[in-house]
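Chains as they are written, first to last, in the working numbering: chain A, 220 to 463; chain B, 220 to 463. Everything on this sheet refers to the single structure shown next.
Quick look at the structure:
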């Protein structure tokens, strides 16, 4: 007679081992890019709040700084009088806050700065992981676009099995289904729209660049998945030739 | 002949001074409560991400901790083997992550912890500001509900001019307008629903408690705005008498 209980335990153990073994670089990459995107959103929301709050103290700063990160930095590093002097403003509409009322605002700004640092270090980690896991895709697409493509496909394995035309449209699913359903214009590019080689060309050539880039990524993903050589520089050169 | 340019400058100066003088405790309170609510949302989102990520390492932890804050604390303070031992689990489905892959996860957890600290210190600041600005409303309603009422009205001045029935329904605007438009049930309470004296009673008496509490808040807001004495303890006693 079989020992069913022991057999069951053995099965459970094997299943758990399989789950454990399935965890790898793909998971780290997808989680990192998810977190980077989330942090970006969170930071934007909190900077909005900070601006509203700091405006009680020095509303003049708001209009003079466009970039959120420099705004936070200025709030943390400059005194109000330096800011006003720099803006050539000799009368601020902001109140003279007491130490105790200014402190929570500055503490908020410091928190946001630490979120920026967190995001930056996460990007470094993502870059390293991508470079090891899929060097060719990484070199061709860059960190963020590469990671988004990989997430869009599901894993490097799945990415390596996609057609070039699918890679070209990853990230444009909404527009694609709108095209299929309503006959609207078909999309020409997804995530790779933000690639310098696609962004850099005039709007009539964007579709063409996207197609050629997707062709090369199609090769790169296969080479990466089957642990081939580093051929990205060669691919990049061919790519640039074709785009001339 | 008038010096129009000088007159214009003088006018501008006066206007700016008026703007500056209008900034006060009301603004600090509204900004603090807005930020606390925002931080709460942000933390919840990031904890969700952290859980997904940490599950690669120790998925067993997820189900055993209900509260987000203790989850983050456990991730930061306990080793994986301690966690498994505590859960009486001798085989984890999570992968054995390398130092370099675990580090960004822990760094994320540390960031979330600092957001919790930020929120806690902001609550302390809000409490202090409320206690100074409107001691009676603060004592009756508590920090968070008091601040929300003040924000709902716009300022302490405006709160002191509202009717008790309006105070009772602050925060239930959506339900109120639905009632007016479609004839749905009228709401019985807004922000004050979460007050212990309203939460603590059975559902048949909730409306009554809310009404009596709003009556007392109506008095408290007026006393606070006109810088009267501290009568909140007396009001609270009357309130508790009535609710018996």
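Heads up, the beta-carbon is just placed ideally off N, CA and C, and yes, glycines get one too. In this text the structure is predicted, and so the values were computed from the model without any measurement.
{"Query": "When Cβ atoms are compared, which residues of the region 322-348 of chain A fall closer than 7 Å to chain B?", "Result": "323, 326, 327, 330, 333, 334, 337, 340, 341 and 344"}
{"Query": "Do residue 280(A) and residue 302(A) have their beta-carbon atoms positioned less than 7 Å apart in this structure?", "Result": "yes"}
{"Query": "Could you tell me which of 232(A), 243(A) and 452(A) sits nearest to residue 359(A), measuring between CA atoms?", "Result": "452(A)"}
{"Query": "At which residue ranges does the region 294-366 of chain A contain complete beta strand (DSSP E) runs of 3 or more residues, listed in the order of the chain?", "Result": "none"}
{"Query": "Kindly say whether residue 239(B), judged by its beta-carbon, lies nearer than 7 Å to any beta-carbon of chain A.", "Result": "yes"}
{"Query": "Kindly indicate which residue of 352(B), 463(B) and 460(B) has the alpha-carbon position closest to the one of residue 245(B).", "Result": "352(B)"}
{"Query": "Identify whether residue 446(A) lies in helix, strand or coil by the three-state DSSP scheme.", "Result": "coil"}
{"Query": "Where does residue 424(B) sit, in a helix, a strand or coil, going by DSSP?", "Result": "coil"}
{"Query": "Look at residue 251(A) and residue 345(A) and say whether their C-beta atoms are less than 7 Å apart.", "Result": "yes"}
{"Query": "Please classify residue 443(B): is it buried, with 16 or more other beta-carbons within 10 angstroms of its beta-carbon, or exposed?", "Result": "buried"}
{"Query": "Inspect the beta-carbon positions of residue 429(A) and residue 411(A) and report whether they are closer than 7 Å.", "Result": "yes"}
{"Query": "Quick one: Cα of residue 254(B) to Cα of residue 256(A), how far?", "Result": "21 Å"}
{"Query": "Might you give, ordered along the chain, the residues of its own chain that have their beta carbon closer than 7 Å to the beta carbon of residue 389(A), omitting 5 neighbours on each side?", "Result": "368, 371, 372, 409 and 410"}
{"Query": "Identify, in the order they occur along the chain, each residue of the same chain with its Cβ nearer than 6 Å to the Cβ of residue 287(B), setting aside the five sequence neighbours on each side.", "Result": "266"}
{"Query": "Mind the definition here: the region 329-337 of chain A touches the region 303-320 of chain A only if three or more C-beta pairs lie below 8 Å; say whether that holds.", "Result": "no"}
{"Query": "Since residue 313(A) and residue 278(A) should fall inside the 8 Å C-beta cutoff, what is the C-beta to C-beta distance between them, to a whole number of angstroms?", "Result": "5 Å"}
{"Query": "Give the C-beta separation of residue 258(A) and residue 316(A) to the nearest angstrom, bearing in mind that I take them to be a contact with Cβ-Cβ under 8 Å.", "Result": "Not a contact, Cβ separation roughly 29 Å."}
{"Query": "Under a Cβ-count criterion, where at least 16 other Cβ atoms within 10 Å of its own Cβ denotes burial, should residue 343(A) be classed as buried or exposed?", "Result": "exposed"}
{"Query": "What residues of chain A sit near residue 320(B), judged by a beta carbon separation below 7 Å?", "Result": "247"}
{"Query": "Alpha carbon to alpha carbon, what distance is there between residue 349(B) and residue 448(B)?", "Result": "15 Å"}
{"Query": "From the beta carbon of residue 242(B), is the nearest beta carbon of chain A less than 7 Å away?", "Result": "yes"}
{"Query": "Rounded to whole angstroms, what is the Cα-Cα separation between residue 439(B) and residue 356(B)?", "Result": "5 Å"}
{"Query": "Alpha carbon to alpha carbon, how far is residue 341(B) from residue 273(B)? Give it in angstroms, no decimals.", "Result": "28 Å"}
{"Query": "In chain order, what residues of the region 256-267 of chain A put their CB closer than 7 Å to some CB of chain D?", "Result": "Protein chains A and B are contained in the structure displayed, whereas chain D is not."}
{"Query": "When you compare only the Cα positions, how much space is there between residue 239(A) and residue 232(A)?", "Result": "10 Å"}
{"Query": "Any beta-carbon of chain A closer than 7 Å to the one on residue 230(B)?", "Result": "no"}
{"Query": "Report the option in 437(A), 339(A), 362(A) and 397(A) whose CA atom is closest to the CA atom of residue 380(A).", "Result": "437(A)"}
{"Query": "Does residue 306(A) come within less than 7 Å of chain B when only Cβ atoms are used?", "Result": "no"}
{"Query": "Measure the beta-carbon distance from residue 325(A) to residue 295(A) and round it to whole angstroms, keeping in mind my assumption that it falls under 8 Å.", "Result": "7 Å"}
{"Query": "Which of the three DSSP states, helix, strand or coil, is assigned to residue 415(B)?", "Result": "helix"}
{"Query": "Taking the alpha carbon of residue 382(B) as the reference point, which residue from 394(B), 435(B), 289(B) and 362(B) has its own alpha carbon closest?", "Result": "435(B)"}
{"Query": "Could you please give the first and the last residue of the uninterrupted alpha helix (DSSP H) stretch that includes residue 276(A)?", "Result": "It is not in any alpha helix (DSSP H) - residue 276(A) carries neither H nor E in the DSSP assignment."}
{"Query": "If you run the structure through DSSP and keep just helix, strand and coil, what is residue 459(A)?", "Result": "helix"}
{"Query": "Taking Cβ positions only, does residue 250(A) come closer than 7 Å to chain B?", "Result": "yes"}
{"Query": "In the DSSP assignment, find the unbroken alpha helix (DSSP H) run with residue 223(B) in it and report its ends.", "Result": "223-240"}
{"Query": "Measure the beta-carbon distance from residue 405(A) to residue 398(A) and round it to whole angstroms, keeping in mind my assumption that it falls under 8 Å.", "Result": "4 Å"}
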